[in-house]
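Number of protein chains: 6
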Amino acid sequence: MIFPIFFTFFLLLSSSHASVQDFCVADYKAPDGPAGYSCKKPAKVTVDDFVYSGLGIAGNTTNIIKAAVTPAFAAQFPGVNGLGISLARLDLAPGGVIPFHTHPGASEVLLVIQGTIIAGFVASDNTPYLKTLKKGDIMVFPQGLLHFQVNGGGTPALAFPSFSSPSPGLQILDFALFKNDLATELIAQTTFLDAAQIKKLKGALGGTN
Amino acid sequence: MIFPIFFTFFLLLSSSHASVQDFCVADYKAPDGPAGYSCKKPAKVTVDDFVYSGLGIAGNTTNIIKAAVTPAFAAQFPGVNGLGISLARLDLAPGGVIPFHTHPGASEVLLVIQGTIIAGFVASDNTPYLKTLKKGDIMVFPQGLLHFQVNGGGTPALAFPSFSSPSPGLQILDFALFKNDLATELIAQTTFLDAAQIKKLKGALGGTN
Amino acid sequence: MIFPIFFTFFLLLSSSHASVQDFCVADYKAPDGPAGYSCKKPAKVTVDDFVYSGLGIAGNTTNIIKAAVTPAFAAQFPGVNGLGISLARLDLAPGGVIPFHTHPGASEVLLVIQGTIIAGFVASDNTPYLKTLKKGDIMVFPQGLLHFQVNGGGTPALAFPSFSSPSPGLQILDFALFKNDLATELIAQTTFLDAAQIKKLKGALGGTN
Amino acid sequence: MIFPIFFTFFLLLSSSHASVQDFCVADYKAPDGPAGYSCKKPAKVTVDDFVYSGLGIAGNTTNIIKAAVTPAFAAQFPGVNGLGISLARLDLAPGGVIPFHTHPGASEVLLVIQGTIIAGFVASDNTPYLKTLKKGDIMVFPQGLLHFQVNGGGTPALAFPSFSSPSPGLQILDFALFKNDLATELIAQTTFLDAAQIKKLKGALGGTN
Amino acid sequence: MIFPIFFTFFLLLSSSHASVQDFCVADYKAPDGPAGYSCKKPAKVTVDDFVYSGLGIAGNTTNIIKAAVTPAFAAQFPGVNGLGISLARLDLAPGGVIPFHTHPGASEVLLVIQGTIIAGFVASDNTPYLKTLKKGDIMVFPQGLLHFQVNGGGTPALAFPSFSSPSPGLQILDFALFKNDLATELIAQTTFLDAAQIKKLKGALGGTN
Amino acid sequence: MIFPIFFTFFLLLSSSHASVQDFCVADYKAPDGPAGYSCKKPAKVTVDDFVYSGLGIAGNTTNIIKAAVTPAFAAQFPGVNGLGISLARLDLAPGGVIPFHTHPGASEVLLVIQGTIIAGFVASDNTPYLKTLKKGDIMVFPQGLLHFQVNGGGTPALAFPSFSSPSPGLQILDFALFKNDLATELIAQTTFLDAAQIKKLKGALGGTN
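From first to last, the protein sequence lines are chains A, B, C, D, E and F. Adding 171 to a residue's 1-based position in the first sequence gives its number in this note's numbering. Adding 171 to a residue's 1-based position in the second sequence gives its number in this note's numbering. Adding 171 to a residue's 1-based position in the third sequence gives its number in this note's numbering. Adding 171 to a residue's 1-based position in the fourth sequence gives its number in this note's numbering. Adding 171 to a residue's 1-based position in the fifth sequence gives its number in this note's numbering. Adding 171 to a residue's 1-based position in the sixth sequence gives its number in this note's numbering.
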C-alpha cells in the first residue's frame, strides 16, 4: 500500500497564511490585546515554549510573611497564552501566610502537596468558607473573591494553585491599600480603619501620605 | 399586492419547540445555572419584564455611610438575564461614601448625574487611579479591582453604575472582613491589622469572634 | 513590625514582560483584532484613560430628527476596550426621535434621566414591546433587535444607554436602506416598499440610484 | 496481550453523575436557559439526535415571495444545542426573494448549490456589500447586519446558510414593522415612511392599526 | 421633507478612530492573536473579502484515499475572521474515505449534497454514533471528538462541512501518529499497536524513525 | 462609631431571589445544560462543596498500563461547576503509560510532583512536541490535540493535570477505536490499520465485530 502526496487539503493549507490554530505562543515583542499576547510565528515555536521549569525551585520564604509565590502565568510561560489556564507555586514556611487577596480574572484551585494549609474565602454575602487542607486536598476559590492561605502546621507547606486564565491577575489587599500614595484620610474614609492603623501599615509596606 | 400565508419558515418555526432566542427573561422558580436563570415561557413574557422602575426612587441615605445602592441586577430585573448587562443606582448624601469593594463578575462604568464624586480604583500593581467626577462624567472600573466612591461636595450626589454582567456580584471589603464570625486572630494574620482595630470594626458591623 | 522587600512573587513579576492583566486601554495606533484594540503600554496609561467627559455635553438637536446621540464606545473612550461595556448619551428635543435601529454587537439598557420617552423593540416573532418611560425608568433592548426611542412629552428628554460591549455597533434602518447607492429597484424588491417612497427617502437622506 | 479492567479512572467516571461533556442534546421538556436547552439524559441519546433530514426536502415556494426557508436550528435539530452552529435551507423560485432581515444572534455563511443568487448586506456605516453568487460560492454576513438574497436568474436557486449559533434568530424587516399592531403613526415617526405606504404593507402582511 | 447633516452622532463617529465593529477582515500581514487575525483597515475592505469561490471547484480525488478536502477557514477566507464560523468542501470519489480525525477547535455540521456518505463519531464513553447520510441530510460532530466519513455508494459524493470557528483546526489521526519522526517504540507504547504495523504506515505516509 | 443596619442595598438583596453570583455548586439532581450543572440552593452550600480529597489517594496501578487517572471534574467535584477549571491525579508505576488521548473541551497543564515523565503532543501540522519532564516541571497540552504521558524512569511517577474546563472530557484513542462494536472493516478503512491488528486490539480491550 502506498500513499502518494494525496490530500488536496494539505497543499492548500501549506500554501496559505500562517493559521490561527492549535495554540498561540506569546510573542512578547508584538502588541497584546484583550484576548492576550500576539502569537509567535509558527516556525519559531519549539517544545520549550510549552514547558516551564520555574515552579521546580522553592521560593525564598525568608521574609516577613514567610511565604513566596512563583507564577507561571502567560507573562512568564508563553505556551499558555490564549489557552485559558495557568499555574503558580506557593511556598509557606512554618508560620507563613499569603494574606487576603483576589484574582480579578480567574477562579483558582489550590492543590496541597506538602504540609497543612488553612485556606478560606469569603462570599459576596460575607459568609466565610474555611478549611484545613492536608496533602492531596484541593480547594476552589471562585473568581474575584477575597481569600487567603496560612501554614497550618509546624513544617513547611508546598502547594500549587491552578487558574482558569493565563493572566489571572493578583490584587493583595494590604498592598492595594497601603503600598502606594493614597491619602491616609481617604483610606480611612473608605475602609473605616483608624488613621493610626493605616499609617502603621503604610510605614511597614513602604506607602506614603 | 397580496401576501398570503407565505413562509414555509414560519409554519415550521411555530410548530416547533419554544426556541432559545432573542432573550431569556428570568424564571425565578426554575433552576439556575452557570449562565444565569432559566427562561420564562415566551407566552408569559410581557413588556414589564423588560422595564424596571426601582431606580427612580432615591435610596435611603440616613445611615452611617450616608449612602445607598439600589441594584437592578438579574435577581431584581428579570429582563437582563443572559444579556451581559445590568445597572444600579447610587445615592450619596453629603459626606456619603461607598467603601472599598469589588464586583467579582463584571466591569463597571459609573455615570454621575448630580453632584461631585471622588472615585478611585487600585490596579494589581498597587497603582491608584483617582478622579473627581463632575456631572456627566463617566469612569470605568475594570473587573474585580478594588474601588470606592465618595461624595466630593456639600450636596447630594446621584450616579448610576452600569455593569458588564447581569449578576456582577458585590464584595464590600469591610463586610467581608468584619461582618461575620472569622476569628480575630485569623484576620490579624491575613490582613496585618491590629487585633484592637479588628475588634472595633467587628463590633461596629455586627461581626463576632 | 517591618516588611522588607518580601515577595519573591513581585520580583518575578516585575522582571517579566508587560502582562495582560486588569485592563487593556486602547492603543489606536496599533492593529486591532476580533477582541478589540491593542493595549497601550502600561507605563503610558493614566487615570484619564478611564474617565470620559464627553457625555456631559448636550448633543445638538437642531436637526430634522430633533435628536442627538453621543457615543462613549471603545473608539472614543479607550478605557472600556476589552471590558464588555460602554455608554452613550441621548438627547431628544420635543418631537425628537431616534428612528428604528439595531446594535449588532450588544444588548442595551436605556436609563431615562429627564423627560418622557416612548421606547419599543420588536422581537423575532414580530411582537412589539412598547413602554412610556419616565425619569428613573430603565428598559432593556435585547441584542440585535430593532428598537426606537421617541420623546413622549413636550419637554426635552435626556437618557443614557449602556451597552454590553465596548463596540456595540449601530445600524440605523433608514440610513442602511436609503443613505447609499443601493438601486431603488433592488430596495423595492427586498423591502416591498414602493419605488416612489424609496426615491423620496433617498432624496431626503442623500442616497443615490 | 491482555487488558483487564484497568483504569481506575473509568471506574470512578462510571460511578459518577451523568457528566456535562462532549455534547448536550436538547431536552425540549426541561427548562432552557441563556446557554440553550437542558441536556437529554445520556442514556436516551441516539444517533438520530445528531442527524436531521428536514433540509433534504424543498420548501414550498408557491407564495408571494416565491421563496422558502427551512431551519435546522436547536429548536428543530436537538443535536446542535450548545455547539455553536446550525444550518438552514433556502429555496428561491425564479423571481424569489428573501427580503431584508437580520440574525440577532449569529453570523451567517451562505453556500450556493444551484442557480444564481444576488446577495448583499449593509454595514454600520451604510456601505452596501453586494455580490452575484454562482454555484459553489460562499458569502459571509456578519452578525446582526441587514442582508437579503434574491434569485438572480431564471431558474430555481438552492442555497444553505450556516450560522455561528444553534439559535441564530431571524428578524425580517417587513414583518417586524408591518405584521403586528404597531400604530401607523408611530411607525411613520420612527421610519420616515409615509402613512399610506405603511397602511398598504400592513394590509398585505396582516398587520393592524 | 429634508434631512440636513443631522446626527451629532455621525460627526463624532467619523472623527473617531477606525472602530472595532461589524466585522474584522483578516489582515494576514499584521500579528495574529488568540482571538484571530488582526483586522484589515476598513478603507481597504471590499465585498470580495466576504465572498469565497474556492469551494466551487472539485478537489482532486486521484489519490490513495480517493478524497479531497478544500478549506475555507480564516486562513483562506479573510471575511470569516472573528465571526465564529467557517466552511469546507469534501469530495469523495467511489471508495473514498476521510480517515479518523478531529477538529480541536470546533464542532462540525456536515451537509450532503450528492451521493451517500457513511459518517460516524465516537463519544468519550467510546460509544460510536454511525449513520448513512443521503442527499440533504445533515449530521453534527461535537467538538474535538474523533470522526470519519466514507463514500457509501458507487458514485462520487459531495458534502460541505460547516464549523463553529473560523479556525477549527484539523488533526488527522494517521498523520499525527505516522507522518513524522516519532520513534516507533514510543508510538507502540502509547498506542498498543505492533511495531510492524507502525513501520508499515510510517513507510506509506512518509514518517521516519 | 456605630454602624446600624445601613445599606438599603442589602435589604433589597436579601429580599430578592437567590442570585446567580460568586459560584454555582453543582446540583446533580436538577437538569444540566450547555454551561454545566444547575446550581445548588445557596442555603445548602457548605465549605465541603469547595474541597475535594479524592486526589490525595494513589490510584491503583496494578493494571496492564501500570497507570491510573483520578479525576476531580465537575461530575466529581461540585464546587468547580461553571468556574472554568478542574484537576486530576495521574499515577504512573514504573513502565506505566497513559496512551494517546485528547480532551475535547479543555487545554491541560501537567505538573510533575515525583519521578520522571516523558510527555508529548502532536500539533495539527503533525509536528510532535516531546519533553522529558522532571519534578516541578509543567507542560501545556493545547485543547483537543493528541497527547500522551509515559513514566520515564524506574520509579513511580506522580503528576497532577489541570484543565481549562470543569468538564474537559477525555477520549482515549485505543478505547475509541477498539473498545466498542465498530466493524473491523470500517476501522481498517478509516485508520489504514490492518484487520489483524484491529482484531488483536479489539480482543485485548473488549471490543466486538
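Ideal Cβ placement from N, Cα and C applies to all residues, glycine included.
Under a criterion of Cβ atoms nearer than 8 Å, the residues of chain B adjacent to C:V218 are, in order, Y300, L301 and K302.
The way I'd put it, the segment 311-318 of chain C does touch the segment 289-297 of chain C; three or more beta-carbon pairs between them come closer than 8 Å.
No Cβ-Cβ contact shorter than 8 Å links F:A243 with F:A229. Under the Cβ criterion of 8 Å, A:K350 is counted among the residues facing chain B. Under the three-pair Cβ rule at 8 Å, the segment 275-286 of chain E counts as touching the segment 318-335 of chain E.
Boundaries of the beta strand (DSSP E) harbouring A:A328: A328 to F334, taken from the DSSP string. One Cα belongs to B:Q247, the other to B:L254, and the distance between them is close to 14 Å.
Under the rule that a run must span 3 or more residues, the beta strand (DSSP E) segments found entirely inside the segment 228-275 of chain A read 238-243, 257-263 and 268-273. Distances from the alpha-carbon of B:D308 to those of C:V196, C:K306 and C:L226 put C:L226 closest.
Contact check for E:S336 against E:A277 passes: the beta carbons are separated by less than 8 Å. DSSP places C:D352 outside any beta strand (DSSP E), giving it a letter other than H or E. Annotation: the continuous alpha helix (DSSP H) that includes B:G374 extends over A366 to L376.
Put simply, the backbone Cα of A:G377 is about 6 Å away from that of A:K350. Residues of the same chain with a CB within less than 8 Å of the CB of C:P202, apart from the 5 flanking positions on each side, are S209 in chain order. Under the criterion of beta carbons closer than 8 Å, B:K302 and B:G266 do not qualify as touching, at roughly 19 Å. For the segment 338-370 of chain C, the beta-carbon criterion of a distance under 7 Å to any beta-carbon of chain B is satisfied by none of its residues.
Of the residues assessed, D:G325 falls on the exposed side of the cut-off, its CB having fewer than 16 other CB atoms within 10 angstroms. Taking 8 Å as the upper bound on Cβ-Cβ separation, chain E lies near residues F221, V222, Y223, S224, L226, G227 and I228 of the segment 220-234 of chain D. Neighbours of E:A206 in chain C, taken as residues at a C-beta separation under 7 Å, are given in chain order as G204, P205 and A206. The Cβ-Cβ distance between B:L372 and B:H272 does not fall below 8 Å. Here the alpha carbons of D:A197 and D:K215 stand approximately 11 Å from one another.
Ranked by Cα distance from B:Y223, the first of B:A375, B:T379 and B:A245 is B:A245. Under the Cβ criterion of 8 Å, E:Q192 is counted among the residues facing chain C. The beta carbons of E:G286 and E:P339 sit no closer together than 8 Å. With a 10 Å radius around the Cβ and a threshold of 16 neighbouring Cβ atoms, E:K211 comes out buried. Contact annotation: in the segment 254-275 of chain D, residues whose CB is within less than 7 Å of a CB in chain C are V268, P270, F271, T273 and P275. Setting aside the 5 residues that flank it on each side, C:I358 is surrounded in the same chain by L348, L364 and I369, each with a C-beta closer than 7 Å to its C-beta; the list follows chain order.
The Cβ of B:N297 sits closer than 8 Å to at least one Cβ of chain A. Interface residue (Cβ-Cβ distance to chain E less than 8 Å): D:A243 is classified as such.
Secondary structure of A:D308 (DSSP, three-state): coil. Only residues of its own chain outside the window of five on either side were considered, and among them P270 and H272 have a CB closer than 7 Å to the CB of B:I343, listed in chain order. In this structure, the straight-line span from the alpha carbon of C:T362 to that of D:V321 is close to 12 Å. According to the DSSP assignment, F:V321 belongs to the beta strand (DSSP E) that extends over H318 to N322. Within the DSSP secondary-structure output, F:S209 pairs in a beta bridge with F:D198.
Per the coordinates, the alpha-carbon of D:N234 lies some 25 Å from the alpha-carbon of C:P299.
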